[in-house]
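Beneath this line is the structure, given in structure tokens, with notes to follow.
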Amino acid sequence: MRVIVTKNYEDLGRVAANIIASQVTLKPESVLGLATGSSPISTYKELIKKYENGDLSFAKCHAANLDEYVGLTKDNDQSYAYFMYNNLFKFVDIDMANTNIPDGTEKDAAKECARYDAVIKSLGGVDLQLLGIGHNGHVGFNEPADCFAKGTNIINLTQSTIDANTRFFEKKEDVPTQAYTMGIKTIMSAKKILLVASGKDKAEIIYKMVAGDITPQVPASVLQLHNDVIVVVDEAAGSLLAEKAPEYIEK
Ligand code: GLP
53 MRVIVTKNYE DLGRVAANII ASQVTLKPES VLGLATGSSP ISTYKELIKK YENGDLSFAK
113 CHAANLDEYV GLTKDNDQSY AYFMYNNLFK FVDIDMANTN IPDGTEKDAA KECARYDAVI
173 KSLGGVDLQL LGIGHNGHVG FNEPADCFAK GTNIINLTQS TIDANTRFFE KKEDVPTQAY
233 TMGIKTIMSA KKILLVASGK DKAEIIYKMV AGDITPQVPA SVLQLHNDVI VVVDEAAGSL
293 LAEKAPEYIE K
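For the sequence shown, the numbering used here assigns the number 53 to the initial residue and increments by one for each residue that follows.
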């Protein structure tokens, strides 16, 4: 696991976007596993700049997103489909037909999970998976649990995640309580993984993920077992690691 600490959130976006751009330049038909949340926004902004400058094209890429809330339609402004369209896809040349995300409106969970696993399989797996991280160590929506989930699954969101999301919804009862998410095995099957995190509130979980025990109670800790992971954090998110286990940070 390589850990790169950047000065701030903007620099983090530049470093992470350079890694994604290298991937797409070397393999234009890459399958990109994409993430939502505030963490990847500066990365997406930099990717958009590279596209606008004529330095990068997503025309041959496929995208497979990590997760989606159960019950939200694609045009709901809190859905992850809406997020992806409005933070990346509409600004670049990716073919929308080549973008994939679990269907939050599908009520038959077994059917939707099997469909999404088949989509990822048909793409030949993910080349580069971008991840954020929740405060409790969740990746995608794989919440702390007694075991690691394998394929796409339906998750009951933890109260801390529901609380963290409440700020985005007008009424408390509108906050989704379930989500579809790629499983840990699928994430771990990506050839390369890039995790981004920023802010002091992520310092403790970054320390646990990088230097702590590997346990499904901290889902992201399993990334220690993958042999091509790059973690890009800003100084605030890397602060506890820098204090307690600086040997993990790339000089
Ligand atoms: C949600 C998403 C995750 C994301 C996490 C952290 O739970 N499902 O993929 O990593 O939020 O979000 P943020 O980057 O806004 O802190």
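All C-beta atoms, glycine included, are put in the ideal place defined by N, C-alpha and C. A quick note: this is a predicted structure, and the numbers were derived from the prediction, not measured.
{"Item": "Three-pair Cβ contact test at 8 angstroms for the stretch 221–235 versus the stretch 272–284", "Value": "no"}
{"Item": "Bounding residues of the alpha helix (DSSP H) (the contiguous stretch that carries Glu164)", "Value": "161–174"}
{"Item": "Burial state of Lys260 (16 or more Cβ within 10 Å)", "Value": "buried"}
{"Item": "Where Leu124 falls: helix, strand or coil (DSSP)", "Value": "coil"}
{"Item": "Selection from Thr77, Lys126, Asn152, Asp155 that minimises the alpha carbon distance to Leu108", "Value": "Thr77"}
{"Item": "Ile185 versus Met148: straight-line alpha-carbon distance, rounded", "Value": "26 angstroms"}
{"Item": "Backbone CA spacing between Gln269 and Asp129 [nearest angstrom]", "Value": "31 angstroms"}
{"Item": "Nearest-angstrom beta carbon gap, Val83 and Val178 [assumed within contact, 8 angstroms]", "Value": "5 angstroms"}
{"Item": "Cβ separation of Leu183 and Leu99, assumed to be a contact under 8 angstroms, to the nearest whole Å", "Value": "That belief does not hold up - the Cβ atoms of Leu183 and Leu99 are roughly 16 angstroms apart, past 8 angstroms."}
{"Item": "Pairwise C-alpha distance: Ile258 and Thr151", "Value": "29 angstroms"}
{"Item": "Three or more C-beta pairs below 8 angstroms linking the stretch 58–65 and the stretch 90–99", "Value": "yes"}
{"Item": "Where the beta strand (DSSP E) through Val144 begins and ends", "Value": "Where Val144 is concerned, there is no enclosing beta strand (DSSP E), given that its DSSP letter is neither H nor E."}
{"Item": "Classification of Ala68 by the beta-carbon crowding that lies within 10 angstroms, buried from 16 upward", "Value": "buried"}
{"Item": "Length at least 4, wholly inside the stretch 182–223: the alpha helix (DSSP H) runs in chain order", "Value": "211–218"}
{"Item": "Near the ligand MN: Leu118 beta-carbon under 7 angstroms from a heavy atom", "Value": "Looking for the ligand MN in the displayed structure turns up nothing; the ligands present are the ligand GLP."}
{"Item": "Cβ-based burial, Ile266 [other Cβ within 10 Å; buried from 16]", "Value": "exposed"}
{"Item": "Counterpart residues of Tyr259 in DSSP-defined beta bridges", "Value": "None, per the DSSP bridge assignment."}
{"Item": "Distance CB(Val144)-CB(Tyr103) smaller than 8 angstroms", "Value": "yes"}
{"Item": "Residue closest to Lys254, alpha-carbon to alpha-carbon, out of Asn70, Asp286, Gly203", "Value": "Asp286"}
{"Item": "Near the ligand GLP: His278 beta-carbon under 7 angstroms from a heavy atom", "Value": "no"}
{"Item": "Host beta strand (DSSP E) of Lys244 (start-end)", "Value": "244–249"}
{"Item": "Ala87 Cβ short of 7 angstroms to the ligand GLP heavy atom set", "Value": "yes"}
{"Item": "Where the beta strand (DSSP E) through Tyr61 begins and ends", "Value": "Note, Tyr61: premise wrong, no beta strand (DSSP E); alpha helix (DSSP H) at 61–78."}
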